[in-house]
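Be aware that the sequence shown starts at 785, since it is given in the numbering used here, and climbs by one per residue. Backbone N, C-alpha and C fix where the C-beta goes; we use that ideal spot for every residue, glycine too. All values reported here derive from a predicted model rather than from experimental measurement.
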Amino acid sequence: MATVSAAVAATCLLSGYPGSGTRTPFASASIASAFVPVPAASPDGSCQPSLPDSFWRAPVDALPVHPRSAQYVSSIGSTAPLHPDFGSGLADGRPFGIPVTVLDTTVPESKVTLDYAEESDASGYRIPQNARIENGPASDGDRHVIVWDRALCRSYELWDAHPQGGNAWHAGSGAVFDLRSHALRPAGRTSADAAGLAVLPGLVRFDEVASGSVDHAIRITVPRTDRSYVWPARHQAGSAADASLPPMGLRLRLKSAVDTSRLAPQAKAVAEALKTYGAIVADNGSAWYISGDEDPRWDNAQLDGLKDFKGSDLEAIDASGLQRSPDSGAVAPR
């Protein structure tokens, strides 16, 4: 993140849960760190960020509106704008978006120490020392590290990650996700996100937008959440036991009546995904911030069209009918 609000940072550090901060407007500039484009899938198509019948890729445009939708939207911010938390150039002198480091060959297992080891995966990470860190190596924000291992088809994800030299990393929390499995994390356990979900499948990636289609739900942050979670989330980091606040895992979508016809291509692809697949509340942070990868090919002027939508243009939906099993991310046949 470009900057982290004191309240969010304090909550994150004291509670031990991953959190998101507030971003200031970007300033166009060249990205100093090395950039490797993130393809939409592995060369042979065998390793996708999510399975075809995953909750991430389930259409929700026909699902019913949640009975508490108005309360949830109001608590997040009815007049607050939708905000793409990714783009090209720099924000406060740092790149923004969540970078993805891609591995196509197997590297040695890393030694990872964790502040919240009891809720994290203790081993199985293969993270190169040159893995890209959210907002750059000097960041004081969330410092997510996401490694897409396409050789083993796994995602290694850390929050508040710091390289320790050699083959070692230290992080606040982390998880290893088998991208060929529907297994969710054990109930009550976090990941690199407060909801206990994988970050990689919920990122808007440039290459998929360039192809004209985003076929999955998008990670989104909200300022405050209830002390509860709903499937497919596995963990909560709520600020209060308040039924008017959204739970972790809540599915939101852009209303079907919202006009997207005048949007530039990059913004339109994202907006149409928000209508069809929606967004999933994955972390506490700024209102209506949707996540994408860090990529200098983004056109910030195009993405800014998303800011014309506000909270009242979205609605919460009841996605419980998608659940096949509480411990599986696979959706029920429809």
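If I follow the unbroken alpha helix (DSSP H) through residue i, where does it start and stop?
i: GLU1056; result: 1049-1060
i: ASP991; result: 990-994
State the start and end residues of the unbroken beta strand (DSSP E) segment that holds residue i.
i: ASN1068; result: 1063-1068
i: VAL983; result: That residue, VAL983, is in no beta strand (DSSP E); it is neither H nor E in DSSP.
i: ASP962; result: 957-962
i: TYR940; result: 938-943
i: HIS946; result: 946-949
i: TRP1015; result: It is not in any beta strand (DSSP E) - TRP1015 carries neither H nor E in the DSSP assignment.
i: VAL929; result: 929-933
i: LEU1038; result: 1035-1038
i: VAL1042; result: Element bounds for VAL1042: n/a, residue is neither H nor E.
i: PRO1003; result: Correcting the residue type first, residue 1003 is Arg in the shown sequence and not Pro. Segment 1002-1006, the beta strand (DSSP E) holding ARG1003.
Nearest CA to the CA of residue i: which residue from the options?
i: ILE911; options: HIS946, GLU902 and GLY881; result: HIS946
i: PRO848; options: ARG1118, ALA1103 and ALA1041; result: ALA1103
i: PRO868; options: GLY958, ALA1063, PRO1117 and LYS895; result: ALA1063
i: TYR1073; options: LYS1091, PRO836 and ALA1085; result: LYS1091
i: LEU835; options: ASP845, PRO883 and LEU963; result: LEU963
i: ILE1002; options: ARG1008, THR889, LEU981 and THR1009; result: LEU981
i: TRP953; options: GLY908, PRO1049 and HIS1000; result: GLY908
i: ARG1046; options: ALA1021, GLN1086, SER1028 and SER1070; result: GLN1086
i: SER1012; options: ALA875, ASN1084 and ALA1025; result: ALA1025
i: PRO1049; options: LYS1039, GLU992, LEU984 and THR1005; result: GLU992
i: SER1122; options: THR863, ALA846 and GLU941; result: Outside the displayed range of the chain (785 to 1118) lies residue 1122, so it cannot be described from this structure.
i: THR890; options: THR1005, CYS937, SER862 and GLY881; result: CYS937
i: ARG1037; options: SER830, PRO833, CYS831 and ASP845; result: ASP845
i: TYR1061; options: ASP1079, LEU1106 and ALA1027; result: LEU1106
i: SER965; options: PRO985, ALA955 and ALA1027; result: PRO985
i: HIS850; options: TRP1082, ALA1027, ASP1079 and ARG1108; result: ALA1027
Under the assumption that residue i contacts residue j (Cβ atoms under 8 Å), give the Cβ distance between them as a whole number of angstroms.
i: ARG752; j: GLY1076; result: With the chain represented from 785 up to 1118, any question about residue 752 goes unanswered, as that position is not in the structure.
i: VAL884; j: ALA979; result: Going by Cβ atoms, the distance from VAL884 to ALA979 rounds to 19 Å, so no, they are not a contact pair.
i: VAL886; j: TRP943; result: Actually they are not in contact, since the Cβ atoms of VAL886 and TRP943 sit about 19 Å apart, beyond 8 Å.
i: ASP1067; j: ASP977; result: 5 Å
i: SER872; j: ASN1084; result: 6 Å
i: SER995; j: LEU898; result: Wrong, their Cβ atoms sit about 36 Å apart, outside the cutoff.
i: SER862; j: LYS1039; result: About 13 Å separates the two Cβ atoms, so there is no contact after all.
i: SER1070; j: THR1005; result: 6 Å
Chain D beta carbons: is any one of them nearer than 7 Å to that of residue i?
i: ALA959; result: Included in the structure is just one protein chain, with no chain D present.
- Task: Starting from the N-terminal side, write out each stretch of the alpha helix (DSSP H) that is 4 residues or longer and does not extend beyond the segment 842-920.
- Result: Within the segment 842-920, the complete alpha helix (DSSP H) runs of at least 4 residues fall at 853-860.
- Message: Quick check: the segment 952-971 against the segment 1031-1039, are at least 3 beta-carbon pairs closer than 8 Å?
- Response: Counting Cβ pairs under 8 Å, fewer than three are found: no touch.
- Residue ranges of each alpha helix (DSSP H) within the segment 1066-1112, 4 or longer: Qualifying alpha helix (DSSP H) stretches, in chain order: 1084-1087.
- Item | Inter-stretch contact at 8 Å, needing at least 3 Cβ pairs: the segment 1095-1109 / the segment 841-858 | When C-beta atoms of the segment 1095-1109 are compared with those of the segment 841-858, three or more pairs fall below 8 Å, so the two segments count as touching.
- Query: Are three or more beta carbon pairs between the segment 1017-1029 and the segment 834-841 nearer than 8 Å?
  - Reply: These segments do not touch.
- Query: Is the segment 916-928 touching the segment 896-908 in the sense that three or more CB pairs, one from each, lie closer than 8 Å?
  - Reply: Segment contact: the segment 896-908 against the segment 916-928, fewer than three CB-CB distances shorter than 8 Å; contact not assigned.
- Three or more C-beta pairs below 8 Å linking the segment 1047-1059 and the segment 1105-1115: Taking 8 Å as the limit for Cβ pairs, the verdict is that the segment 1105-1115 does not touch the segment 1047-1059.
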